[in-house]
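Working notes, beginning with the structure itself.
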Amino acid sequence: MDLSSFKKYLSLEKHYSPHTCEAYIRDLLQFQMFLESYELTLEQATYPIIRQWMASLVEKEISSQTVNRKMSSLKTYYKYLLQQGKIDVQVMSSHKSLKTSAQVQVPFSKGELQSILESPYNPESFEEVRDRLIIELLYVTGMRRAELISLRIIDVQLESKQLKVKGKRNKERIIPLLTQSLNLIKDYLKLRDLIDTPGNAFLITVKGRPLYPSLVYRVVSNFFKKASLKVKVSPHVLRHSFATHLLDQGADLNSVKELLGHSSLASTQVYTHTSMQALKKIHATAHPRNLKNN
621 MDLSSFKKYL SLEKHYSPHT CEAYIRDLLQ FQMFLESYEL TLEQATYPII
671 RQWMASLVEK EISSQTVNRK MSSLKTYYKY LLQQGKIDVQ VMSSHKSLKT
721 SAQVQVPFSK GELQSILESP YNPESFEEVR DRLIIELLYV TGMRRAELIS
771 LRIIDVQLES KQLKVKGKRN KERIIPLLTQ SLNLIKDYLK LRDLIDTPGN
821 AFLITVKGRP LYPSLVYRVV SNFFKKASLK VKVSPHVLRH SFATHLLDQG
871 ADLNSVKELL GHSSLASTQV YTHTSMQALK KIHATAHPRN LKNN
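Here it is as structure tokens:
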């Protein structure tokens, strides 16, 4: 089964990131392998067969979140086939997602991040400076991993002290930069100029190629496995830390929403539960009733 036309649809019409497109195709290929035992193609699959695949995933103890994501990939694909006239019925029209338990994602503490961002490094080593910059940008800007990877040289505006970031569905936003970040960017660019690279990607490998997702993940993991005891260490936890720490310091929820590139406040509000301790402290120290009792 050639899925190239579907991949183009995801990229050009749905404006999904390359990482998301690859994930959708992987899910479909996995389901296609499951269908081989039934001697069926993807177009011939029925909902009972899809339910059997879902049950087999659950039996393998794959998380409900992951199973739901795979089902979402299938639902999008069958909607696409229906639009193309290749099937007559949306086979997943009655599908309901598995229930998932709300997972509280614990951000890095300010102390953990301070120990990383203030630790010594070799300013003459391209890889050490670049890796430090990866951590700096993820935390100081709250960017997604895919947004960091897609940054171009022209997106880094040193004079105006800001970044132009292309988010989901190609929606652009401007994120201000701190002085410390600017200094690190300038140090990085001096070393980057010494590397022969044909493209315009801002962050590159030592061989001049654009960064890739697993490299960014590995950089974050290597930094924080020594400074943090958290089981989950990922680029997204830095984004989570960015939002939580801003809210802890009293930042407006709408402002954080804009910086994160969220389309609605509902997406941003998931970060507010970790700021509850700070809110309780503000409430206890600032409320007139409490001041009256002190």
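Heads up, the final residue of the sequence shown is numbered 914 in our numbering, and it's a clean run with no missing numbers. Just so it is clear, CB atoms sit at the ideal spot from N, CA and C, and this is done for glycine as well.
| Check | Outcome |
| --- | --- |
| Cβ neighbours of Val-785 in the same chain (closer than 8 Å, five flanking residues each side left out) | Thr-761, Met-763, Glu-767, Leu-771, Asp-775, Glu-792, Arg-793, Ile-794, Ile-795, Gly-881 |
| N-terminal and C-terminal residue of the beta strand (DSSP E) that Ile-736 is part of | Not the beta strand (DSSP E): Ile-736 falls in the alpha helix (DSSP H), residues 730-737. |
| Proximity test, Cβ basis, 8 Å: Leu-737 and chain C | Of the protein chains in this structure there is only one, and it is not chain C. |
| Beta-carbon proximity of Leu-798 to Val-749, cut-off 8 Å | no |
| Buried versus exposed call for Gly-787 [16 or more other C-beta atoms within 10 Å across all chains shown] | buried |
| Pick from Asp-813, Lys-716, Phe-626, Val-836 that is closest to Leu-757, judged by C-alpha positions | Val-836 |
| Beta-carbon contacts of Arg-789 that lie in its chain and below 6 Å, excluding the five residues immediately before and after | His-635 |
| Sequence-distant residues of its chain with Cβ nearer than 7 Å to Lys-695 (five each side left out) | Met-712, His-715 |
| Limits of the unbroken alpha helix (DSSP H) element including Leu-916 | Residue 916 is absent from the structure shown; the chain starts at 621 and stops at 914. |
| Integer Cβ distance of Tyr-697 from Leu-648, believed to fall under 8 Å | 6 Å |
| Assigned exposure category for Ile-682 - 16 Cβ within 10 Å defines buried | exposed |
| Bridge partners - Lys-877, DSSP secondary structure assignment | DSSP lists no partner for Lys-877. |
| Buried/exposed call for Lys-877, threshold 16 Cβ in 10 Å | buried |
| Glu-792 (DSSP reduced to helix, strand or coil) | strand |
| Contact under 8 Å by Cβ, Ile-754 with Val-839 | yes |
| Alpha-carbon to alpha-carbon, Lys-627 and Gly-828 | 27 Å |
| Three-state secondary structure assigned by DSSP to Val-687 | helix |
| Three-state secondary structure assigned by DSSP to Val-840 | helix |
| Residues bridged to Lys-784 [DSSP beta-bridge criterion] | Ile-794 |
| Whole alpha helix (DSSP H) elements within the stretch 736-782, 4-residue minimum | 746-761, 765-769 |
| Pro-818 in three-state terms, based on DSSP | coil |
| Ile-824 in three-state terms, based on DSSP | strand |
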